[in-house]
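**Q**
Numbering (mature numbering (1 follows the signal peptide of the UniProt record, and there is no 0)), first residue to last: -19 to -1, 1 to 685.
The following block contains the structure:
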C-alpha cells in the first residue's frame, strides 16, 4: 500500500487551469506560485515550491561579506568558544570551531562558491550556529526566517508499549484512532526510524543533550502547551529553516510504505514578490527587528488544555497547582511550571506561595515539580522558586557565573564602573553587571576593584572574568522585587516540604532559567529527579538537557550597550573598539543572540568547566506510554511512584537522602502578604507589567 498526501496549497494553485493551455502565458516563477497561493488564501505551499523559490533568489555577494564581517565582534561575546571546539568526552555532540566556520563561509563568498542567497544563509547556519546545540546562541537570517517555514503534515510519537520495553515510533494520528493496534514506523526515507530522528535532531536542536533533542522531535503534551503541538519532526525547531526534501516516506511494521508531500508555511508578505530578484528586494534587506514584549500563555478560557482543573493557577496558566487523586496519592501535590515568566512577576510569586500554603493546609506532604517543556524565563523567578521551597538562611543560592572577557565587554565595564564611582547612588549603573561594584564573589563578599571582578583570567586558553553571583540582599538587584528569604520577605518562612518528599519531573527540555533553579534544587537542596522519554535504549538520561548558560543577550542589546558606553567615554582605544560594531547582523535577522555568561556549578569552581558541559544523570529514567499522551496525571503518578513509593525505574532509582529541614512547622505568609500588596487573585486583578529593555536584558533568560 502506498499513500500520497498532496498539499492543498499546490492543488489550489493549479485548480483553475484550463484544459487547453494558453500558448502566450509565461511560466510562473516559483516565488510567484507562493504569491498566488497566499493571494488565494492558502497558508502553505509544497516544500519543493518554497525551496525552488529560495534557490532562485540571487546571491547578494558583497552584502553577504558585509554581514559576515559584522558578525565577528558579536561572536566574541559567546562565552564558550574553546569548549565548543573541544568538549569533554561525555558531551553528546562533536566539537566545532564556529570562528573557523565563519571564516569558511566568508571564503566561500569571496570565491563564488554559493549559487544563491539560500545556499549562503543555510551554510551560515549549519557551519556557525546550529552545531552549537545552544538555545542561547541563535541567528535566524532574513531569507530563511522571514518568508516561509518548512515542515511536515504528520506528527510522530515515541512511546513504550508496556512502560518497560524500548520506545517505538508511531504516527500520532494512528495512536489516537487505533490505540495499541497502531503500526510502528520502522524506517524513514529508507533509514532506521530512530536513527533518522537522531540525525535530524543533530542538525538544528538547541539542546545540549541528545536524549532531550530526541524527545523534542515528537508530540508531547507539556511542550504542546506553549510550543509545537506536533513536535520538531513535523513543524518546529531550527531544522524547519532548512529544506527537508520534497517528500518523506515512512516504512511501517507491516512492510507497507506511506509517502507524504512536505510543506512550507507562508510567513511573510509575498504581495510584491514575483521572482527571485523581487524576493531579495523584499525580504533580504536590513530592517529594525520588532520588539517582542509578549509573555507566554498556557491557559485557554481559564483552563489548561488537556490538564485537570487546578487548585490554583496564574491568570495565564504558566504556574498551576494540582492534587493527585486515587488510592495512595492522597498526600501528593503537583506544581506545573511551563516557564519562569508571566505577565506579572508578583502573581507568579504569590500563586506559588498560595498553593504551597493551601497544599499544606489540605494535608499534602509530597510534591511533584513538573518542569516538562520549561524553556526558561525571568531569573528572579528561578531564585524565588528555589527559596520558596528552601527559605532557610543557611541555604544561599549559588548562581555562579562568569563572562568571556572580550575587549568590547571590558571597555563597556570600564565606562559603567567609572560612572558608578562618580555617581554611587545611581541605580542605572551601580547595580549593572558591567559595574565592578555590583555582585558578589564565591565567598559571598563584594569585589574590591575592577580587576578583582573582571580580571581577565585565562581559563581553557580564553579570557574570562572571575566568577560572580547576584547580591540578593541588594533590593535593586531585581528592581523592586524581593526574592523569598531576602528584603521584605526575609523572615517568616519555613520549608513547606522535606527535600526527600519532593521530586523534579523532566523531559530533558529544561533550559536557561529552568536549569538555574534545577541546579540549586538538585545540588544545594538534594532534591531527586525523574526524567521521561529519550532515545531507544536503557541508559541513563539527563533531566536538565537544555542550554545551561547563565545569560543570553540579543545582538541588538549588545549594540545598545556599546552605543551607550560610547556616548559616555572619550577614551580613544575604547571608541576604536566600539566602532567595530554595527546594526547589520540583527537588522538582517528575525532573531540574533548569544550566550554571554557561563553558569558554573559549585563542583567546577576550581576547574572552570561550564555547566553546559557537565553531564548530570537524573536519579530515575522512565519511558512515556500511550496513556501519557492524553492524560498528564498518568505521568505525574509514574513520577510519584518512583520517587515516593519504590516503583522501579527503567534506569537508576530513587535514594532518599534525608535532610534536617522539616515541613511540620510550615507557616505561610501568603494571606497577609498578598493582601498587603493588594494583588491576591481572590481579591483583585494582577495588572500586566511593562518592562524596560534593560530590565528584560537582565531578567529574561529563555530558549529562542
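Note that the Cβ used here is the ideal one computed from N, Cα and C, for glycine as well.
What is the residue span of the beta strand (DSSP E) that residue 340 lies within?
**A** No beta strand (DSSP E) holds residue 340; the alpha helix (DSSP H) holding it covers 326 to 342.
**Q** Reducing DSSP to helix, strand and coil, say where residue 425 ends up.
**A** It is coil, neither helix nor strand.
**Q** For residue 579, which residues does DSSP report across the bridge?
**A** Answer by DSSP bridge pairing, in chain order: 383.
**Q** Assign residue 641 to buried or exposed, taking buried as 16 or more other Cβ atoms, counted over all protein chains shown, within 10 Å of its Cβ.
**A** Low per-residue confidence applies at residue 641: pLDDT is 37, beneath 50, and the placement is therefore not dependable, though the value from the model is reported in the following sentence. By the 10 Å Cβ count, residue 641 comes out exposed.
**Q** For residue 11, count neighbouring C-beta atoms within 10 Å of its own C-beta (all shown protein chains included) and say buried if the count is 16 or more, exposed if not.
**A** When all chains shown are included, residue 11 counts as buried.
**Q** So, under 8 Å CB-CB, residue 621 and residue 207 are touching, yes? Tell me the CB distance rounded to an integer number of Å.
**A** Incorrect: roughly 24 Å between the Cβ atoms, too far for contact.
**Q** Please report the Cβ distance between residue 193 and residue 523, rounded to the nearest whole angstrom; I am assuming they are in contact, meaning their Cβ atoms lie under 8 Å.
**A** So it is a contact: roughly 7 Å between Cβ atoms.
**Q** What span of residues does the beta strand (DSSP E) with residue 439 cover, start to end?
**A** Element bounds for residue 439: 438 to 440.
**Q** Is residue 692 helix, strand or coil by DSSP?
**A** Since the first residue of the chain shown is -19 and the last is 685, residue 692 is not available in this structure.
**Q** Is the beta carbon of residue 303 sitting closer than 8 Å to the one on residue 224?
**A** Contact flag unset, no.
**Q** Taking Cβ to Cβ, would you say residue 488 is nearer than 8 Å to residue 507?
**A** Contact: no.
**Q** Which runs of the beta strand (DSSP E) fall wholly inside the stretch 494 to 523 and span at least 3 residues, in chain order?
**A** Whole beta strand (DSSP E) segments, 3+ residues: 509 to 513.
**Q** With H, G and I counted as helix, E and B as strand and the rest as coil, what does DSSP make of residue 86?
**A** In this structure, residue 86 counts as helix in the three-state DSSP scheme.
**Q** Residue -4: buried (16+ other C-beta within 10 angstroms of its C-beta) or exposed?
**A** Note that residue -4 scores a pLDDT of 32, beneath 50, so its modelled location is shaky and nothing firm can be said.
**Q** Under 8 Å, with one C-beta from each stretch per pair, do the stretch 56 to 68 and the stretch 588 to 597 reach the 3-pair mark?
**A** Yes, since at least three Cβ pairs between the stretch 56 to 68 and the stretch 588 to 597 fall closer than 8 Å, the two stretches touch.
**Q** Would DSSP call residue 317 helix, strand or coil?
**A** The answer is strand: DSSP assigns residue 317 an E or B state.
**Q** Between the stretch 445 to 463 and the stretch 332 to 343, can you find at least three pairs of beta-carbon atoms closer than 8 Å?
**A** Segments in contact, no.
**Q** Using only the alpha-carbon positions, how far apart do residue 413 and residue 578 sit?
**A** Distance between the alpha carbons of residue 413 and residue 578: 14 Å.
**Q** Suppose you measure from the CA of residue 596 to the CA of residue 66; what does that come to, to the nearest Å?
**A** Distance between the alpha carbons of residue 596 and residue 66 is about 17 Å.
**Q** From the DSSP output, read off the bridge partner residues of residue 601.
**A** In the DSSP output, where bridge partners are listed per residue, residue 601 has 511 and 633.
**Q** What does the alpha-carbon distance come out to for the pair residue 25 and residue 32?
**A** Straight-line Cα distance between these residues: approximately 13 Å.
**Q** Can you tell me the Cα-Cα spacing of residue 616 and residue 540, whole angstroms?
**A** When rounded, the distance between both Cα atoms is 44 Å.
**Q** Can you check which of these residues, 113, 92 and 73, is closest to residue 79 by C-alpha distance?
**A** Comparing Cα positions, the closest option is 113.
**Q** Name the residue from 469, 268, 270 and 449 whose alpha carbon lies nearest to the alpha carbon of residue 383.
**A** Here the closest residue by C-alpha is 449.
**Q** Would residue 270 and residue 537 be called neighbours here (beta carbons separated by less than 8 Å)?
**A** Yes, they are a contact pair.
**Q** Secondary structure at residue 219, three-state DSSP: helix, strand or coil?
**A** Residue state, collapsed to three classes: helix.
**Q** Please classify residue 214: is it buried, with 16 or more other beta-carbons within 10 angstroms of its beta-carbon, or exposed?
**A** Label assigned to residue 214: buried.
**Q** Between residue 318 and residue 478, which are expected to be in contact by the criterion C-beta below 8 Å, what is the C-beta distance as a whole number of angstroms?
**A** Wrong, their Cβ atoms sit about 15 Å apart, outside the cutoff.
**Q** Return the Cβ separation of residue 187 and residue 528 in integer angstroms, given the expectation that the two are a contact with Cβ distance under 8 Å.
**A** That belief holds up - the Cβ atoms of residue 187 and residue 528 are roughly 7 Å apart, short of 8 Å.
**Q** Between residue 385 and residue 248, is the Cβ-Cβ spacing less than 8 Å?
**A** No, Cβ-Cβ distance for residue 385 and residue 248 is not below 8 Å.
**Q** On the three-state DSSP scale, how would you describe residue 444?
**A** Three-state result, residue 444: strand.
**Q** Taking the alpha carbon of residue 166 as the point to measure from, which residue in 233, 154 and 310 has its own alpha carbon closest?
**A** Comparing Cα positions, the closest option is 233.
**Q** Note down, in chain order, each residue of its chain lying with its Cβ closer than 7 Å to the Cβ of residue 238, except the 5 sequence neighbours on either side.
**A** Here the set comprises -18, 230, 231 and 232.
**Q** To the nearest whole angstrom, what separates the beta carbons of residue 466 and residue 362, a pair I think is in contact under 8 Å?
**A** Not confirmed; about 14 Å, so no contact.
**Q** Return the chain-ordered list of same chain residues with a C-beta closer than 8 Å to the C-beta of residue 46, the five sequence neighbours on each side being excluded.
**A** Once the five neighbours on either side are set aside, the close Cβ partners of residue 46 are 87, 90 and 91.
**Q** Find the nearest neighbour of residue 266 within the set 586, 569, 605 and 628, judged by alpha-carbon distance.
**A** The residue with the shortest Cα to Cα distance from residue 266 is 569.
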